[in-house]
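Chemist: There's a structure below that I have some questions on.
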Amino acid sequence: MNSVIRLDIILREAVATPYRDLVTRQTGAAVRDRLLMVLRDHPGRDAHLDFSEVGLVDFSCADEVVAKLIVASADLPVPRVLLHGVGVDHAEAIEHALQRLGLVVVAVLLDSDQPLLLGAISEDCRTAFGALTEHGRVAATAIAHELGWSEARAREALDGLATRRCVLAHPDATFEFGAVA
Amino acid sequence: MRVVPVPGHLDDHSIDQLAANLGSWPPDQRILVDAHATEWASPVGFVALLTLGQALAEIGAPQPRLALPEGEGVASYWAKAGLLHHAEKFFELHGKVPRRKPVEQDDILLPVTMIRNADDVMDVVGRIGERATSILKKELGLEASVVGGFGQSLSEACQNIVEHAGTSGWVAVHVYNFRRRLGRKALVIATSDAGVGFRRSLEATLAKRIGDRWSDGAALESALIHGISRFRDPGRGQGLAGIKRYLSRWQAKISIRSGTARVAFAPSWDDEPPRTDNLAWFPGAQVTIIIPAKEAAE
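Note that the protein sequences, when read in sequence, are chains A and B. The working numbering numbers the first residue of the first sequence as 1 and each following residue consecutively. The working numbering numbers the first residue of the second sequence as 1001 and each following residue consecutively.
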């Protein structure tokens, strides 16, 4: 089961503002603190952060809300943090913040149901991620076969994605992206 | 009383002349900022004049005088653009003072507005949002992606004041025709503060490393070109670096003047060198962002 968390609501709860924009570091830090509180109450579930009703996201806020949340989420009882309803402008700011810190997150753009990776990750991981999202739960051999790679290369890419909490790795050596939301 | 003439056209270039006219700092006598012959000022000029007034107030100098423009409609426009509303706090105004309130209209997207804290930044970005979208699309023919980038640039430029100046500052956003330099309309975001400047803000982090070459210009280059911040947090320093990345895509320009130097990231339509040192000193820091209208199809 997943938790969908509307960021516009978190924003209003965190700071008294009539606006929908995630701007300034102070705002970002307040939103992140609020999000961390909420996520601690949702153990065992992927956290789906919904940006669809958010106006602007600036670089500083992308760093405070997304990049620092990704770092902090390692200590949370949440398997993954995924972004939804991400506008093209949001994606640019988030990508910029994550690239700088060598982080990556799964995002689904507004009006799309195709997940993609934002941030810093190898081309092999990106390619394997694209292939895995077309399947359900599969072993590395299936991805290797589809991409014309060696099994070791596919496994390495999928392990990399699992380590960075972009896909789920199962004990039977299979991988899956899981539900979008 | 020392007379400081204001150039006839006060913009991001001629602010250097205003700085040169200031002479020594702090001034050894009361000053008269003489704009009686000034015909036009860009938002960069407006926020710079306020910074000058604020800097004088903050060092406890005698209240300066500001002689208002005598040209028809000029002082009235300065009132409409929000300059005079704030200038009254720092200057003794001389000349016919129009009693117009600041207005938001198509060419004055944001009248001169004070930035003191993060709430002010949120308010500016939120207030300007929908109108900016409409003007950027209709007046400047820009795509939706530029609209988001505009808001981000505005936000980061204002946050630079909050995070680094150590005092309050000013922002204004106008659209006007850049006939000579560009041959078409452009949107201009101007911020200015009377704060510590880039050199002092980054001194503890960088001065030792850069050694003899440490200067206003080196500090500006470190911030704008290399994204270096005085904070240890590796996520800091993204704002200006992020703006620069965006602006390069739209043939837009960013320049920052602080102390005695200016660093610019300029597209082909502008001849500003990447770095200019040894300018006349001016208080604080001034950030100028110019986003040109889409070029008309041949």
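Glycine included, C-beta positions come from ideal geometry on N, C-alpha and C.
For the segment 31 to 54 of chain A, which residues have a CB atom closer than 7 Å to at least one CB atom of chain B, in sequence order?
Modeler: Taking 7 Å as the Cβ-Cβ cut-off against chain B, none of the residues of the segment 31 to 54 of chain A qualify.
Chemist: Mind checking if H84/A is an interface residue toward chain B, Cβ cutoff 7 Å exclusive?
Modeler: In the first sequence, the residue the question calls residue 84/A occupies position 84. Cβ-Cβ to chain B under 7 Å: no for H84/A.
Chemist: Would you say the segment 1147 to 1154 of chain B touches the segment 1090 to 1097 of chain B, given that touching needs at least three Cβ pairs under 8 Å?
Modeler: At 8 Å Cβ cutoff, the stretches do not touch.
Chemist: Of all the CB atoms in chain B, is at least one closer than 7 Å to the CB of S112/A?
Modeler: Position 112 of the first sequence, counted from the first residue, corresponds to residue 112/A. No, S112/A does not count as interfacial toward chain B.
Chemist: If you follow the alpha helix (DSSP H) that R34/A is in, where does it begin and where does it stop?
Modeler: Stepping through the first sequence from its first residue, residue 34/A is reached at position 34. It spans R25 to R40 - the alpha helix (DSSP H) in which R34/A sits, taken as one unbroken run.
Chemist: Grouping DSSP H, G and I as helix and E and B as strand, with all else coil, what is K1185/B?
Modeler: Within the second sequence, numbered from 1, the residue matching residue 1185/B stands at position 185. In the structure shown, K1185/B sits in a strand (DSSP, three-state: E or B).
Chemist: Are the C-beta atoms of S73/A and some chain B residue less than 7 Å apart?
Modeler: The residue you call residue 73/A lines up with position 73 of the first sequence. For S73/A, the answer is no, since every Cβ of chain B falls outside 7 Å of its Cβ.
Chemist: Name, please, each residue of chain A whose Cβ falls closer than 7 Å to the Cβ of M1122/B.
Modeler: One-based indexing of the second sequence puts residue 1122/B at position 122. Those are T17, Y19, D21, V23, T24 and T27, listed as they occur along chain A.
Chemist: Counting Cβ pairs closer than 8 Å, one from the segment 1066 to 1084 of chain B and one from the segment 1031 to 1045 of chain B, do we hit at least three?
Modeler: Counting Cβ pairs under 8 Å, three or more are found: they touch.
Chemist: Answer yes or no: do L1220/B and S1168/B have a C-beta to C-beta separation smaller than 7 Å?
Modeler: Here residue 1220/B is taken as the residue at index 220 of the second sequence, counted from 1. Here residue 1168/B is taken as the residue at index 168 of the second sequence, counted from 1. No, the pair does not count as a contact, with Cβ atoms beyond the cut-off.
Chemist: In terms of residues, what are the limits of the beta strand (DSSP E) holding S1255/B?
Modeler: Residue 1255/B sits at position 255 when you count from the first residue of the second sequence. Residues K1253 to G1259.
Chemist: How about A139/A and A173/A: are their beta carbons less than 7 Å apart?
Modeler: Looking up residue 139/A in the first sequence gives position 139. Looking up residue 173/A in the first sequence gives position 173. Cβ atoms of A139/A and A173/A: closer than 7 Å.
Chemist: Whose C-alpha, out of I1256/B, M1001/B and L1056/B, is nearest the C-alpha of F1198/B?
Modeler: In the second sequence, counting from the first residue as 1, residue 1198/B sits at position 198. Considering only alpha carbons, the answer is I1256/B.
Chemist: Between V88/A and chain B, is any beta-carbon pair separated by less than 7 Å?
Modeler: Reading the first sequence from its first residue, position 88 is the one you call residue 88/A. Judged by the 7 Å Cβ criterion, V88/A is in contact with chain B.
Chemist: For the alpha helix (DSSP H) that contains D1216/B, what are its first and last residues?
Modeler: For the purposes of this step, residue 1216/B is taken as the residue at position 216 of the second sequence. Its alpha helix (DSSP H) spans residues D1216 to L1224.
Chemist: Taking the alpha-carbon positions, what's the A1264/B to D113/A distance?
Modeler: Start at 1 with the first residue of the second sequence, and residue 1264/B comes out as number 264. Start at 1 with the first residue of the first sequence, and residue 113/A comes out as number 113. Distance between the alpha carbons of A1264/B and D113/A: 41 Å.
Chemist: Around the Cβ of G1237/B, are there at least 16 other Cβ atoms within 10 angstroms (buried) or fewer (exposed)?
Modeler: Numbered from its first residue, the second sequence carries residue 1237/B at position 237. The residue in question, G1237/B, is buried, as its Cβ has 16 or more Cβ neighbours within 10 Å.
Chemist: Ignore the nearest five residues each way along the sequence and tell me which others in G1313/B's own chain have a CB closer than 6 Å to its CB.
Modeler: The first residue shown for chain B is 1001 and the last is 1298, placing residue 1313/B beyond what the model contains.
Chemist: My output table needs one value for D111/A: the three-state DSSP class, helix, strand or coil.
Modeler: Against the first sequence, residue 111/A aligns to sequence position 111. In this structure, D111/A counts as coil in the three-state DSSP scheme.
Chemist: Quick check: is the beta carbon of A1252/B nearer than 7 Å to any beta carbon in chain A?
Modeler: Translated into the one-based positions of the second sequence, residue 1252/B becomes position 252. Closer than 7 Å: no.
Chemist: For R1184/B, I'd like the list of residues in its chain whose CB is within less than 8 Å of its CB, leaving aside the five on either flank, ordered along the chain.
Modeler: Counting from 1 along the second sequence, the entry for residue 1184/B is found at position 184. The answer, listed in chain order, is N1177, F1178, P1292, A1293, E1295 and A1296.
Chemist: Would you kindly check if the distance between the Cβ of T133/A and the Cβ of F175/A is under 7 Å?
Modeler: Here residue 175/A corresponds to residue number 175 of the first sequence, with the count starting at 1. Here residue 133/A corresponds to residue number 133 of the first sequence, with the count starting at 1. Not a contact, by the Cβ cut-off of 7 Å.
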